[in-house]
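Be aware that the sequence shown starts at 109, since it is given in this note's numbering, and climbs by one per residue.
Since the structure comes first, as structure tokens, the remarks are kept for the end.
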Amino acid sequence: MPSYWQNTYLIHFQAFKHHVNVYVGPEAVAYLQENYPELSFTKRGFQLRYDQEIPTNPLRAVCQWQLQKYGDNDEA
109 MPSYWQNTYL IHFQAFKHHV NVYVGPEAVA YLQENYPELS FTKRGFQLRY DQEIPTNPLR
169 AVCQWQLQKY GDNDEA
């Protein structure tokens with residue numbers, strides 16, 4: 109599963125037939141649900157459908173949020 113790492117796993121992607129799941133963890137999902145309610149959420153992430161434009165603002169926001177929370181954590 110493709111992932112981005114900076115002291116810990118920040119974000120993961122998993123492809124399916126009609127969508128991609130973006131896994132960010134339950135805390136990040138709670139953050140995104142407040143700010144981007146139009147996304148389709150799962151317990152640990154959200155879905156991006158292939159027939160829709162990629163929402164760059166939520167992706168950028170969750171990456172920045174994850175980096176703030178975990179990016180400088182030397183213990184991870």
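Even for Gly, the Cβ is constructed at its ideal location relative to N, Cα and C.
Next on the checklist: Under DSSP, the beta strand (DSSP E) around Gln155 begins and ends at which residues?
Outcome noted: 153–157
Checklist entry - Cβ of Gln172 versus every heavy atom of the ligand PLP: is any distance shorter than 8 Å? => result No copy of the ligand PLP appears in this structure; indeed no ligand is present at all.
Checklist entry - By DSSP, does Ser111 sit in helix, in strand, or in coil? => result strand
Checklist entry - For Leu167, which of helix, strand or coil comes out of DSSP? => result helix
Checklist entry - How should Ile119 be labelled, buried or exposed, when 16 other C-beta atoms within 10 angstroms of its C-beta is the threshold for buried? => result buried
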